[in-house]
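All the letters of the sequence shown, read from the start, carry residue numbers 194 to 356 under my numbering.
Note that CB positions come from ideal geometry on N, CA and C, so glycine has one too.
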Amino acid sequence: MLLELLKNFFFFALHVDNNPVFPKPLSKAEEEECFKLMAQNDRNAKNKLIEHNLRLVAHIVKKYSPSQTEQDELISIGTIGLIKAVSTFDYTKGAKFATYASRCIDKATLSLRLSKLRKKQHESLFLMYGKFIGKSMKISIFSIVPRKVKFCMLPCISIHSDF
């Protein structure tokens with residue numbers, strides 16, 4: 194099912210910059226109606242929610258992407274985060290969907306950016322020392338990566354979960 198949605202949105206998501214007009218965001222009432230229909234397995238409601246929130250994906254991705262190639266990749270990953278947000282959001286809790294979706298999109302793009310950063314650091318250490326030093330010295334990745342990245346790698350806690 195996720196693969197089908199990705200196929201439908203893949204072309205659209207990669208060409209966000211070429212299409213300056215996005216569908217307008219849904220009102221709170223329209224969003225709630227779509228989530229109610231989704232609870233009854235209405236795929237059109239789910240697609241409508243995704244389409245009307247693609248603007249949010251593009252907005253979030255613009256913060257992080259220096260190049261067009263990377264922006265296209267982040268938009269694809271961000272769209273996956275949006276699809277996950279639409280699938281897991283609970284409208285009965287009273288939270289705004291855009292707030293929840295932006296966290297899911299951020300988290301999806303962050304995982305891609307962190308994996309690229311880890312790979313880059315791993316390669317630079319290999320070039321510097323000529324061997325994979327982490328294995329021979331039994332060093333944790335947390336002792337190598339910068340402090341800010343360590344913070345981003347910590348698990349998220351939902352405000353709705355029991356502590």
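Which complete alpha helix (DSSP H) runs does the stretch 257-302 hold, if anything under 4 residues is left out? You should have 261-281.
Among T281, H245, K289 and R306, whose alpha-carbon lies nearest the alpha-carbon of I270? Looking only at T281, H245, K289 and R306, the smallest Cα-Cα distance to I270 is reached by R306.
Let me confirm a value: T292 is counted as buried when at least 16 other C-beta atoms fall within 10 Å, else exposed. Which label applies? Exposed, since its Cβ has fewer than 16 Cβ neighbours within 10 Å.
Buried or exposed: where does Y254 fall if 16 or more other Cβ atoms within 10 Å of its Cβ makes it buried? Looking at the sequence shown, residue 254 is not Tyr but Val. When all chains shown are included, V254 counts as buried.
Among residues of its own chain, excluding the 5 on either side of L230, which ones have a beta-carbon nearer than 6 Å to its beta-carbon? Cβ within range, chain order: A238.
Specify the secondary structure class of S308 as computed by DSSP and reduced to three states. If DSSP states are grouped into helix, strand and coil, S308 belongs with the helices.
Where do the N-terminal and C-terminal ends of the alpha helix (DSSP H) with K241 fall, by residue? Boundaries of the alpha helix (DSSP H) around K241: R236 to H245.
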